[in-house]
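Visitor:
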Amino acid sequence: MTHDTPLILPSLLAADWSKVAAEVKRAEEVGVQWLHLDVMDGAFVDNISFGPQMVQTVRKCTDMYLDVHLMIHRPDHFLERFLHAGADNITIHVEARYDTSVIETLRRIRAAGKHAGIALHPDTPFEAAIPYAHEIDLLLVMTVVPGFGGQPFMEKQTMPKLAAARDYRDAHGLKYHLEVDGGIYTNTAPIAKANGANLFVCGTSFYGPADTPQAMAELTACVA
Ligand SMILES: O=C(CO)[C@H](O)[C@H](O)COP(=O)(O)O
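For reference, each letter of the sequence shown is one residue, going 361 to 584 in our numbering.
1) Taking 6 angstroms as the cut-off, does the CB of G326 come closer than this to any heavy atom belonging to ligand 1?
2) Does the structure place the region 407-421 close enough to the region 437-446 that three or more beta carbon pairs sit under 8 angstroms?
3) V428: which of D448, C421, T422 and H437 sits nearest, CA to CA?
4) Given a threshold of 16 other Cβ atoms within 10 Å of its Cβ, counted over all protein chains shown, does S461 qualify as buried or as exposed?
5) Going by DSSP, which residues form a beta bridge with N449?
6) Is I432 near F410, with beta carbons less than 7 angstroms apart?
7) Does L372 come out as helix, strand or coil in the three-state DSSP assignment?
8) At what residues does the alpha helix (DSSP H) containing D541 begin and finish?
9) Let me confirm a value: W377 is counted as buried when at least 16 other C-beta atoms fall within 10 Å, else exposed. Which label applies?
10) Tell whether a beta-carbon distance below 7 angstroms holds between L498 and G473.
11) Pull the bridge partners of C501 from the DSSP assignment, please.
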C-alpha cells in the first residue's frame, strides 16, 4: 500500500476490552485493513493501557495488519516482545528514553522484517524526525497530547508540522506514510488529509457509534 492510499484505522483504545475478539471482528466486518493498538506504560504517558499480551491476543483473532504505537519509555528494551506478539508495524516516540537509540531501534524493527514508524508529540517539531526520515515507513503526527482518547484535535499546533513532513518526504523522494491520531472525526480528517495524512486513527469516532458500518462509511468517504 502506498502513501497516497487513505485508510481508516480503528484504535482499540476506544473499544470494549472485555469483548476484544468481538471488537476486532466488528472492525473486520466493515472492511478495516489496519488496526491501531495504543500501548501506554504510565510513565511516558499518564495512562496505562496494555502490553504485548494484548497484541498477541488480537493477533490470534485476526490477520489484519497490526499497527502498534508504543507510548512507552525504553521501547528498545521491550521490542522483541512486541515483535513476537505479532505486530506488523511498530511506531516509537522520538521523545522516549532509550537504552540504545532511536536509530538502532528502527533498524532492529526493519531487520525483523516489520515496518518501523516514528511518532511526534504535539510539542515536538518535525525537525526532530529528520535524522530518521530515511529509516521509517510511517511518521505519526500526534494530533492530541498522547495518553487518552476523546480529546479535541489540535489543528493549529499540528497541521503545519504535518504539511512540513509531507513536503520533506516529497522533496527527498521518500515514501513514508503520514498518520494522524487523536480527535479524528469526519470534520477533522479532511483537514489532516489536506495537509498530507493518509492514515487516520479513529477511536471514539469508530467505536463510539452503535452503527459501525455507517461510521466506517462516513469516515472512509470523508478522506476518499
Ligand atoms: O491514543 C490516543 C491518544 O494517545 C488517541 O487519542 C486514540 O488513539 C484515539 O482516540 P480518539 O479518536 O478518541 O481521539
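The beta carbon of each residue, even a glycine, is placed where N, CA and C say it ideally should be. Fair warning: this is a prediction, and the values are worked out from it, not measured in the lab.
Guide: A quick look at the data gives this:
1) The first residue shown for the chain is 361 and the last is 584, placing residue 326 beyond what the model contains.
2) yes
3) D448
4) exposed
5) D427 and H475
6) Cβ distance not < 7 angstroms, so I432 and F410 don't count as in contact.
7) helix
8) Careful: D541 lies outside any alpha helix (DSSP H), inside the beta strand (DSSP E) at H537 to D541.
9) Burial call: exposed.
10) A distance of 7 angstroms or more separates the beta carbons of L498 and G473.
11) Rather than Cys, the amino acid found at residue 501 in this sequence is Val. Bridge partners of V501: L480 and V540.
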